[in-house]
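K.L.:
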């Protein structure tokens with residue numbers, strides 16, 4: 326597993342198949358997803374395909390939205406990085422609700438030099 330950046334609180338790293346459940350928990354949460362895309366939580370079927378594309382992009386392009394791990398607990402707390410789904414590249418992040426309000430998104434962005 327490749328580590329792309331780290332801070333005192335965060336580890337930004339490649340996804341592994343073991344991270345699927347943590348990823349699904351984040352994107353299937355209605356509160357997390359209400360301002361993303363169509364505003365609906367993602368289904369297991371959607372996430373199965375999307376997660377495979379994330380793993381593929383890690384391997385083929387070397388960039389995607391990477392896993393963000395909470396260093397103290399070892400828990401996958403969300404993700405950050407580059408995305409090109411809209412035809413243009415942008416940087417973004419998304420975190421599980423328990424990690425909201427602590428500045429992790431800005432810290433992740435800063436650690437990536439964005």
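Numbering (my numbering), first residue to last: 326 to 439.
Glycine included, every Cβ here is placed at the ideal spot set by N, Cα and C.
Values in this document were obtained by computation on a predicted structure and should not be read as measured data.
(1) Return the CA-CA distance between residue 371 and residue 333, expressed in angstroms with no decimal places.
(2) For residue 395, report the span of its beta strand (DSSP E) as first-last.
(3) Tell me which residue opens and which closes the beta strand (DSSP E) that residue 299 is part of.
(4) If you draw a straight line from the C-alpha of residue 360 to the C-alpha of residue 366, how long is it?
(5) Apart from the five residues on each side of it in sequence, which residues of its chain come closer than 6 Å, Cβ to Cβ, to residue 329?
P.N.:
With the given structure in hand:
(1) 33 Å
(2) 390 to 395
(3) As displayed, the chain neither begins before 326 nor continues past 439, which places residue 299 out of reach and without an answer.
(4) 10 Å
(5) 337, 391
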